[in-house]
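Everything in the sequence shown is counted per full-length UniProt numbering, starting at 1 for the first residue and increasing by one. C-beta: ideal position from N, C-alpha, C; glycine also.
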Amino acid sequence: MSEEQKPANINPEQPAETWFSSWFDTPYYHILYKERNNSEAQLFMDNITNYLNLPEKAKVLDLACGKGRHSIYLNELGFDVLGADLSENSIAEASKNTNDTLHFKVHDMREPFEEKYDAIFNLFTSFGYFENDEDNLTTLIAIKESLSEYGFAVIDFMNVNQVLNTLVPEETKTVEGIDFHLKRYLKDGHIYKEIDFEDKGQKFHYTEKVKALTLQDFETLMEEAGIYLLDTFGDYKLKKFYRNESERLIMIFK
């Protein structure tokens, strides 16, 4: 399972609508994934914005922006950027970087925006973690409705075939003195990651659950949503997508 996926704590006492927001609202989520490669992320932003040939000061939406690392860099490239995320804690942190052309807001990606955007980016496998599969179609329609007439959208997702071929069933990662015990598996069309750790004498358990969507699955959803898939790439250098070998599934659509 790819390390960047948006995770969730499954707690039977929590309402289903909020289960996927609890884990990435904790400090432990950011500790476990602190090793993320910023230079790789910036390379991707350079390549994809050049490919899309976005106009100067284009209005860009970073959908599921987390703490805003992509939003901040896109703004540095000269774009007018809104970063949106369901996590209030992440948006509070990201908002420290607000300026005249960089803003952040708490937003559910299933809801369209009133404003229209020249580009919408949904990055680092921030899709497919809803309890109800219908919400994936709802999200695609919301993205479509939030694009300007000539706007483009980009979804950067894990390549499910490659992930399953290289899945590590169990491992332990130690970060900032915390031993995170990880278990990964495929069940009911979802890739799960069980996360167990102990800190300050307290035991924690979280579960990440992401729909194992293939390119064919996305094509079916996009057809239903009235979306035109323009191109696919297999990594952040925008190399060709290969079904079983590519690291990523990057889709450009309008």
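query                                                                                                                                                                              : result
Rounded to the nearest angstrom, how far is the Cβ of residue 155 from that of residue 132, given a contact under 8 Å?                                                             : With a Cβ gap of about 19 Å, residue 155 and residue 132 do not count as contacting.
Does the segment 137-144 come within contact of the segment 107-124, defined as at least 3 CB pairs closer than 8 Å?                                                               : yes
Taking a contact to mean a Cβ-Cβ separation below 8 Å, would you say residue 75 touches residue 102 in this structure?                                                             : yes
DSSP three-state label for residue 225, please.                                                                                                                                    : helix
Relative to the alpha-carbon of residue 195, which residue among 88, 179 and 25 has its alpha-carbon at the smallest distance?                                                     : 179
Can you pull the DSSP bridge partners for residue 125?                                                                                                                             : Bridge partners of residue 125: none, in fact.
Hey, residue 93 and residue 57: beta-carbon distance below 8 Å or not?                                                                                                             : no
To which residues does DSSP link residue 83 through a beta bridge?                                                                                                                 : 62 and 104
Run the CB neighbour count on residue 205, radius 10 Å, all protein chains shown included, and call it buried at 16 or more, exposed below.                                        : exposed
What are the start and end residues of the beta strand (DSSP E) that includes residue 153?                                                                                         : 147-158
What are the start and end residues of the alpha helix (DSSP H) that includes residue 251?                                                                                         : No alpha helix (DSSP H) holds residue 251; the beta strand (DSSP E) holding it covers 248-253.
In chain order, which beta strand (DSSP E) runs of at least 3 residues are fully inside the segment 190-247?                                                                       : 190-199, 202-211 and 229-233
Measure the Cβ-Cβ separation of residue 157 and residue 119 and say whether it is below 8 Å.                                                                                       : no
Could you give the residue range of the beta strand (DSSP E) that holds residue 184?                                                                                               : 178-187
By the 10 Å Cβ neighbour count, where 16 or more other Cβ atoms means buried, how is residue 73 classified, buried or exposed?                                                     : buried
Using a Cβ-Cβ cutoff of less than 8 Å, which residues in the same chain neighbour residue 232 once the five nearest sequence positions on both sides are dropped?                  : 215, 241, 249, 250, 251 and 252
Does the beta-carbon distance from residue 211 to residue 189 come in below 8 Å?                                                                                                   : yes
Hey, would you say residue 198 sits closer than 8 Å to residue 182, going by beta carbons?                                                                                         : no
Please report the Cβ distance between residue 117 and residue 146, rounded to the nearest whole angstrom; I am assuming they are in contact, meaning their Cβ atoms lie under 8 Å. : 6 Å
Within the continuous beta strand (DSSP E) that includes residue 172, where are the two ends?                                                                                      : 170-175
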